[in-house]
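Residue numbers (the numbering used here): 19 to 434.
Worksheet for the structure shown next.
And the structure:
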């Protein structure tokens, strides 16, 4: 039976009609079962490791899904496995034509991994990427063998890599494959729960997966939950607008505070937000600022988990490469570095991934000034979205951000 989490908001409530929203990909309808059976290509699912999938193939299929983000890029997944490969088992799947050869080009890539919901080493390897208030989600036993989206622990969005027109057939083939894995003679990847997180509300992947699981839910004895996992506050920027026009959309008090803090920083010296020309060489400077802000609650403490975080960020910058989607910027006041930010950049958005500030410069409001400079730069480049990613920290709403929920699709099976 399909459930929504008890005492929670709808996973994907409708946004108010008068709320400003940046352009999004066009919605994709999920066909009925009859239409699907008549029109869908015949597909089968097969395991294929990330190392066996050419980068060009992976990124081509990611580009075919308008809802994919840099978190779906081959570089992000490769970097994550290089850093955290010991914490999970890869279960990347591809959808191929049912009558195609074993090495057929995939129609879709489903980046998955499996592990127990909680592993004994998790406490030792723990670091904190997001500092949001935790949501009340449907609990899963820590010993449950769970299937997750690959790399999703450090991704803010996840999806299937495919053309939207193929998603219903891909989802049906995937669910059939997962059902077969639970049979006595099935493959070794038997599971207790499928715990797919980071699904954006308007991503047709979420609807296609939910519909495919529902079609088999009763016969298989599964329970499907759809619930809100978190929110990603997003500030919508005016098309062709100026920064002053954008400030005019904010609350009067917030407007005043932003201007006051920026003027104070400018009075202390020239304020510059500059992208690093050599992020790998500057990575330690970013880590230092991050840890000075967060200490033991940061990403890079002197622990095994902190060492893994260093590998992740180093590999991300190596693999995205110069001019890639991943950028490192430093904020200087009078030539002194007081803040640093790591973000992903797309044609229409900045995805604000992580940051660090010098606590000794708190009188200059480095966090506020850095976001102000990021927003100015985004407007100059014609970008429409400042995506603050997961977490409901209060500072995001001071910039007029509105919540865009992400959802969790949880399937639990009855184990005899």
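Cβ coordinates follow ideal geometry from the N, Cα and C atoms, glycine included.
Delimiting residues of the alpha helix (DSSP H) encompassing residue i
i	result
residue 309	297–312
residue 221	Taken as a continuous stretch (DSSP letters only), residue 221 belongs to no alpha helix (DSSP H), as it is neither H nor E.
residue 387	384–398
residue 405	Segment 403–405 is the beta strand (DSSP E) holding residue 405; no alpha helix (DSSP H) there.
residue 109	Residue 109 -> no alpha helix (DSSP H), and no H or E assigned at all.
residue 92	92–102
residue 76	73–82
residue 435	Beyond the ends of the chain as shown, which are 19 and 434, falls residue 435; an answer cannot be given.
Residue i: first and last residue of the uninterrupted beta strand (DSSP E) it sits in
i	result
residue 422	420–431
residue 359	354–363
residue 374	367–375
residue 134	130–134
residue 245	240–254
residue 345	344–351
residue 293	289–293
residue 62	61–65
residue 165	163–167
Cβ-based burial, residue i [other Cβ within 10 Å; buried from 16]
i	result
residue 364	exposed
residue 385	buried
residue 290	exposed
residue 110	buried
residue 341	exposed
residue 243	buried
residue 414	buried
residue 51	Reliability fails at residue 51, whose pLDDT of 49 lies under 50, so the model's placement of it is uncertain and no value is given.
residue 131	buried
residue 221	buried
residue 31	exposed
residue 196	buried
residue 381	exposed
residue 391	buried
Test item: CB-CB of residue i and residue j under 8 Å
i	j	result
residue 255	residue 397	yes
residue 223	residue 85	yes
residue 11	residue 61	It is not possible to answer for residue 11, since the shown part of the chain is limited to 19 through 434.
residue 250	residue 405	yes
residue 76	residue 172	no
residue 313	residue 148	no
residue 179	residue 268	no
residue 394	residue 252	no
residue 348	residue 292	yes
residue 66	residue 106	no
residue 307	residue 374	yes
residue 168	residue 129	yes
residue 425	residue 235	no
Cβ separation of residue i and residue j, assumed to be a contact under 8 Å, to the nearest whole Å
i	j	result
residue 89	residue 176	7 Å
residue 190	residue 230	5 Å
Proximity test, residue i beta-carbon vs the ligand NAD heavy atom, cut-off 7 Å
i	result
residue 290	Although the ligand NAD was asked about, the structure shown includes no ligands whatsoever.
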